[in-house]
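Enquirer: Questions regarding the structure given below will be posed in turn.
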Amino acid sequence: MSTTSKYEPVIGLEVHVQLLTRTKAFCSCSTEFGAPPNSNVCPVCLGLPGALPVLNRQVVEFAVLAAQALNCTVNETSIFARKNYFYPDLPKGYQISQYDKPLAEFGHIEIDTADGGKKRIGITRLHVEEDAGKSMHEGVNASDDRTSVDLNRSGVPLIEIVSEPDISTPDEAYEYLTRLKEIILYTGVSDCNMEEGSLRCDANVSIRPRGQKELGTKAEVKNVNSFRFIKQALEYEIKRHEEVIESGGKIVQETRLYNPSEGRTYPMRTKERAHDYRYFPEPDLLPLVVDQKWRDEIHARLPELPEARRARMMADYGLTEGDAHTLTLTKAMADAFESAAHKATNPKRLANIIQTELIGRLKAAGLELEDSPISMEGALLSADLTEAGTISSKMLKDLYDKCFERREDFPAVYEKEKPQQISDAGELEKIIDEVIAANPKQVEQYRAGKKTVIAFFVGGVMKATKGKANPALVNELLPKKLEG
Amino acid sequence: MNIERMTIETAREQVARKQTTATALAESFYKRIEAEDSRIGAYLALSRERAFAKASEIDRLVADGAPLPALAGVPVGIKDVLMTKDIVTTAGSKILKNFKAPYDCTAVARLERAGAVILGKLNCDEFAMGSSNENSGYHPVHNPHDLTRVPGGSSGGSAASVAAGMAVATLGSDTGGSIRQPAAFCGVVGLMPTYGRVSRYGLIAFASSLDHIGPFTHTVKDAAIMLGVIAGRDPLDSTSADVPVPDYVAEVGRPVKGMKIGVPDEYFAEGLDSEVRAAVEKSIDDLRAAGCEIVRITLPSTKYAIPTYYIVATAEASSNLARFDGVRYAYRAEGAATLSEMYRRSRDEGFGAEVKRRILLGTYALSAGYYDAYYLKAQRVRTLLAREFETAFAQVDAILTPTTPTPAFKLGEKTNNPLEMYLNDIFTVTADLVGIPGISVPCGKTRAGLPIGVQLLGKHFDEGTLFRVASAVEHAAS
Ligand SMILES: [Zn+2]
């Protein structure tokens, strides 16, 4: 997107996040993913006559936790509403959602902008609703004239997070989604797995001449299944809007679908007339009251969020902003790092090793942190050994390779592979003498008071012994020799 | 054994004292149903297997000398809008023809747990929409007192079966008067409890904020026994109230001396049948004679009740009935080429005219641009009505009115005039809108022998007072 364009895009995002509750929103069926079709169902989520919804308390707690993490105001009273429409995977003919009195409102998150600054993106509302089932047009017999419906997902709890139209570029949209996902993951209320549909995103986009207040006609891009595709779809849409307007045309308000393989959007094939959902308060549920006491209880469970954690980790462990960023990408990573960092001789060393040696190898092996052959305790030992000069960085790399080859943790591999140490003082003194003799200039510097030069000699001895010298002994002998 | 006007107490006692067995009792009722019901049409399905299984369970208890529950061996019937496991449950609609319910309604389960023997399912207006039972998708019900007349509706089968001695007690549902009006027409006691008093779980919803389950019985005491069994919090219904269930039977026959009974002017206006008026005024005199203070009151918003009711009820119905789409269960039209055609034809062929009329009305009332003018305004009127009743109940213990403006009318008399049909609920709908309890008690008959009912309305969760006053009315009328 050229910043010189005379048009300014206006983007708002609607994100659906599946809550990780054990049971569904309004019945006690399991939410387990991948169960045989229509096995996690009951009269309530099948929409049988006479069945009634009963709100799952855990759903409320998770939704409130997410709302608090997104800086929202949680309403003391919110109202469930019925959203009425016919679809085969919607068993009751309506979805239980929230309409004019949502659970939470007025939130925001901060994003980094292209120019290195920060920008606040408003969150209009966060509400609770139930998911529909799934229509399957493939993989069933006689699939040509038949659709199968799996209602395992029917009634699974979702939160919908609606942003203000504060987003101005596809990059900002990408950044917003990344931050949003990061925060939700930190709260632990969802796994945000886009492939399994536990995070879904719709985007509203319009453009207007720079400086104009009034919004242009928007298009809605629905069901895009990765952040990268959202960005591409928005880029495509903005270009399309500009071309239509520049050529004297008018944007039609419509819903479009993104085709990633072609890199373009299409209007939805079905005649999507402006739907009238005939919302009205759900008479089968009482108003949802989340009083101050309950809000406080939930708030006490709110973990430290990524932004705050980064700042604290930089201060506590002497990390750079880049280190902090990488190490807080997931809560699991940050927790693992911190469990070891406070025990490390030099936490920064540990941070470096995790970033340069561990993460890359995990990625190459296609492993998650929790499946890593090298535990955080193992990484800690490797960092301390490196810090002490016991092992060189080359040896560290070799040892890490062996850990990944053998799927063994660092301490075990190190125990087997560690070099036979030279702990004979006589033998070491001979080597030290040779190193000293070969570097008269540094000896002079040392004797002139520049004591830090000692590290140079330690390195020299280690090199000469291929790292086998007992570091404690070297540290004991060297000063005596240097002082003559 | 005379079972025609058998009460719960008599039935239970005869079983307990081994004067009969639960099995024999059930058999006598089935015989009577066989003999009588071809003329009346109260039952849609009989559940012999389930009934005799329960009856023999009770008989074993008796044989073992074990303690007997409150309804041990009592033969009951269930309105067809209540889900009954493994028994065909149709809500009186063709769209649910042959639909076997996979689970039990809470109220039904509680009756059976208390020892009741479920004889079968009772005819009603389709999805409880109607005031004459002529909207049944199967066949109409005839009033046992005059077969040319309607039994009232929508719980026509529930009222007629008790009146004709084809059940000791039955369950019905009341959304705008569907228990009290047929009770009045058939000369039996019909109780609509407070909203939230009885769980709605398993009641096929017509209008969720107005639907109530309640009993039909021969006597006020039996109604008190029935409510004691079905009332109470149910974790499966979020709107069921966590209010203790008192000893209702203890209220029956308690002296009413000193109680204040409100009589609202608006319920004795033009259009009230003179014989109905006379019978109801006689009840007022009886209560005065028993020591009650009669207080004239006014409920000026009463005139808005019918339009308010028909907006709220139809709006909720339009949504509640969306699930009957032919996708998972219920009737599906053959040979539809598209999804939309399948929906349209299944619903067109499956639903009757009145149901379709109400779905259309309700859909309209909820539509964008009309919501505020109709649904929202109707909800405000509900609040207004509630406030008027609150004011009234600050002065009086109960309110007495006629249950219906006229006695039972002829079959076919009002079928071509829905509006006139709707006006038959004029004295009953308000209690549904406000959520207060109401009971209809027989208070006399017309010269032609048609029953007349008097209605008593009470404060929220004060069914006790209703039983107390109703038993005084009953005592004086008998
Ligand atoms: Zn379920």
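Protein chains in written order, with the working numbering: chain A, -6 to 477; chain B, 116 to 593.
For each residue, glycine too, the CB sits at the ideal point set by N, CA and C.
1. From the DSSP output, in three-state form, read off C22/A for me.
2. With a floor of 3 residues, list each beta strand (DSSP E) that falls wholly inside the region -2 to 76 of chain A, ordered by position along the chain.
3. Under 9 Å between C-beta atoms, does K94/A make it to chain B?
4. Out of curiosity, what's the CA-to-CA distance linking S(-5)/A and D164/A?
5. Between N33/A and N197/A, which are expected to be in contact by the criterion C-beta below 8 Å, what is the C-beta distance as a whole number of angstroms?
6. Does the beta carbon of I319/B come closer than 9 Å to any beta carbon on chain A?
7. Let me make sure I understand the geometry here. Which of I116/A, S156/A and Y80/A has the alpha-carbon closest to that of G126/A?
8. Is DSSP giving P350/B helix, strand or coil here?
9. If we ignore side chains and look at the alpha-carbon of each, how far apart do I328/B and A222/B end up?
10. Tell me whether N31/A, by its Cβ, gets closer than 8 Å to a heavy atom of ligand 1.
11. In this structure, does DSSP put P464/A in helix, strand or coil?
12. Please indicate yes or no: does the CB of L373/A lie closer than 8 Å to some heavy atom of ligand 1?
13. Alpha carbon to alpha carbon, how far is L306/B from G579/B?
14. How about E431/B: is its C-beta nearer than 9 Å to some C-beta of chain A?
15. Out of curiosity, what's the CA-to-CA distance linking V454/A and D391/A?
16. Could you tell me if the beta carbon of S276/B falls within a distance shorter than 8 Å of some heavy atom in ligand 1?
17. Could you tell me which chain A residues have their CB closer than 7 Å to the CB of C407/B, listed as they occur along the chain?
18. Quick check on H590/B: does DSSP put it in helix, strand or coil?
19. Any C-beta of chain A within less than 9 Å: which residues of the region 255 to 281 of chain B qualify?
20. Pull every residue with its beta-carbon under 5 Å away from any heavy atom of ligand 1, and keep them in chain order.
21. Taking only three categories from DSSP, how would you classify E578/B?
22. Between which residues of its own chain and L343/A is the CB-CB distance below 7 Å, once the five residues before and five after are set aside?
23. Against chain A, with Cβ distances strictly below 9 Å, would L454/B count as a contact?
24. Mapping the DSSP letters down to three states, classify I116/A as helix, strand or coil.
25. Are at least three pairs of beta-carbons, each pair with one atom in the region 467 to 487 of chain B and one in the region 426 to 435 of chain B, less than 8 Å apart?
26. Along the beta strand (DSSP E) that carries H327/B, what are the first and last residues, could you check?
27. Could you please give me the residues that DSSP links to F273/A through a beta bridge?
28. What three-state label does DSSP hand R132/B in the structure shown?
29. Could one say the Cβ of K560/B lies closer than 9 Å to chain A's Cβ atoms, at least one of them?
30. Apart from the five residues on each side of it in sequence, which residues of its chain come closer than 7 Å, Cβ to Cβ, to P464/A?
31. Am I right that L414/B and P379/B are in contact with their C-beta atoms under 8 Å? What's the rounded C-beta distance?
32. Have a look at the DSSP bridge pairing and note the partners of H335/A.
33. Does any C-beta atom of chain A lie closer than 9 Å to the C-beta of M244/B?
34. Could you tell me the alpha carbon to alpha carbon distance between I421/B and Y458/B, rounded to whole angstroms?
35. Taking only beta-carbon atoms, is A18/A less than 9 Å away from chain B?
36. Please list the residues of the region 73 to 95 of chain A that have a C-beta atom closer than 8 Å to any C-beta atom in chain B, keeping them in chain order.
Expert: Quick look at the numbers:
1. For the purposes of this step, residue 22/A is taken as the residue at position 29 of the first sequence. Looking at C22/A - three-state DSSP - the assignment turns out to be coil, as it is neither helix nor strand.
2. 0 to 11
3. Taking the first sequence and counting its residues from 1, the one referred to as residue 94/A is at position 101. False, the Cβ-Cβ gap to chain B never drops below 9 Å.
4. Residue numbering aside, residue -5/A sits at position 2 when the first sequence is read from its first letter. Residue numbering aside, residue 164/A sits at position 171 when the first sequence is read from its first letter. Its pLDDT being 47, under 50, S(-5)/A is placed unreliably in this model, and the coordinates cannot settle the point.
5. Counting from one through the first sequence, the residue named residue 33/A turns up at place 40. Counting from one through the first sequence, the residue named residue 197/A turns up at place 204. Actually they are not in contact, since the Cβ atoms of N33/A and N197/A sit about 33 Å apart, beyond 8 Å.
6. Along the second sequence, one-based indexing puts residue 319/B at 204. True, the Cβ-Cβ gap to chain A drops below 9 Å.
7. Sequence index remark: in the first sequence, residue 126/A carries index 133 (1-based). The shortest C-alpha separation from G126/A is found at Y80/A.
8. Position 235 of the second sequence holds residue 350/B. Of the three classes helix, strand and coil, the one that applies to P350/B here is coil, per DSSP.
9. Position 213 of the second sequence, counted from the first residue, corresponds to residue 328/B. Position 107 of the second sequence, counted from the first residue, corresponds to residue 222/B. So the alpha carbons of these two residues sit roughly 8 Å apart.
10. Along the first sequence, one-based indexing puts residue 31/A at 38. No, Cβ of N31/A sits at least 8 Å from all heavy atoms of ligand 1.
11. Counted from its first residue, the first sequence places residue 464/A at position 471. Helix, per DSSP.
12. As a first step, residue 373/A must be located in the first sequence, where it is residue number 380. No; taking the cut-off as 8 Å, the Cβ of L373/A has no heavy atom of ligand 1 nearer than that.
13. As a first step, residue 306/B must be located in the second sequence, where it is residue number 191. As a first step, residue 579/B must be located in the second sequence, where it is residue number 464. Those two C-alpha atoms are separated by around 12 Å.
14. Counted from its first residue, the second sequence places residue 431/B at position 316. Cβ-Cβ to chain A under 9 Å: yes for E431/B.
15. Numbered from 1 along the first sequence, position 461 holds the residue referred to as residue 454/A. Numbered from 1 along the first sequence, position 398 holds the residue referred to as residue 391/A. Cα-Cα distance, rounded: 20 Å.
16. The sequence position of residue 276/B within the second sequence is 161, counting from 1. The answer is no for S276/B.
17. Here residue 407/B corresponds to residue number 292 of the second sequence, with the count starting at 1. Correct list: empty, because the minimum Cβ distance to chain A is about 36 Å.
18. To locate residue 590/B, count along the second sequence from 1; it is residue 475. Helix.
19. none
20. C20/A, C22/A, C35/A, V37/A and C38/A
21. Along the second sequence, read from residue 1 onward, the residue named residue 578/B stands at position 463. Note: E578/B maps to helix in three-state DSSP.
22. Here residue 343/A refers to the residue found at position 350 of the first sequence. Closer than 7 Å at the Cβ level, and outside the excluded window around L343/A, lie A333, A334, A337, A372, L373 and A376.
23. On the second sequence, position 339 is the one that residue 454/B refers to. So yes, L454/B belongs to the interface.
24. As a working mapping, residue 116/A is identified with position 123 in the first sequence. I116/A: strand per DSSP, three-state reduction.
25. yes
26. In the second sequence, counting from the first residue as 1, residue 327/B sits at position 212. From DSSP, the beta strand (DSSP E) with H327/B extends over H327 to T332.
27. To locate residue 273/A, count along the first sequence from 1; it is residue 280. DSSP output for F273/A lists R75/A as bridge partner(s).
28. The residue labelled residue 132/B in the question sits at position 17 within the second sequence. Coil at R132/B, not helix or strand.
29. Stepping through the second sequence from its first residue, residue 560/B is reached at position 445. So no, K560/B is outside the interface.
30. Along the first sequence, one-based indexing puts residue 464/A at 471. Excluding sequence neighbours, P464/A sits near A381, G382 and T383.
31. Taking the first residue of the second sequence as position 1, residue 414/B is located at position 299. Taking the first residue of the second sequence as position 1, residue 379/B is located at position 264. Their Cβ separation, rounded to whole angstroms, is 5 Å, which keeps L414/B and P379/B in contact under 8 Å.
32. Here the question's residue 335/A lines up with position 342 in the first sequence. H335/A pairs with nothing; no bridge assigned.
33. Numbered from 1 along the second sequence, position 129 holds the residue referred to as residue 244/B. By this cut-off, M244/B is not an interface position.
34. The count along the second sequence starts at 1 and reaches residue 421/B at position 306. The count along the second sequence starts at 1 and reaches residue 458/B at position 343. Distance between the alpha carbons of I421/B and Y458/B is about 31 Å.
35. Here residue 18/A refers to the residue found at position 25 of the first sequence. No, A18/A does not count as interfacial toward chain B.
36. R75, N77, F79, P81, P84, K85, G86 and Y87
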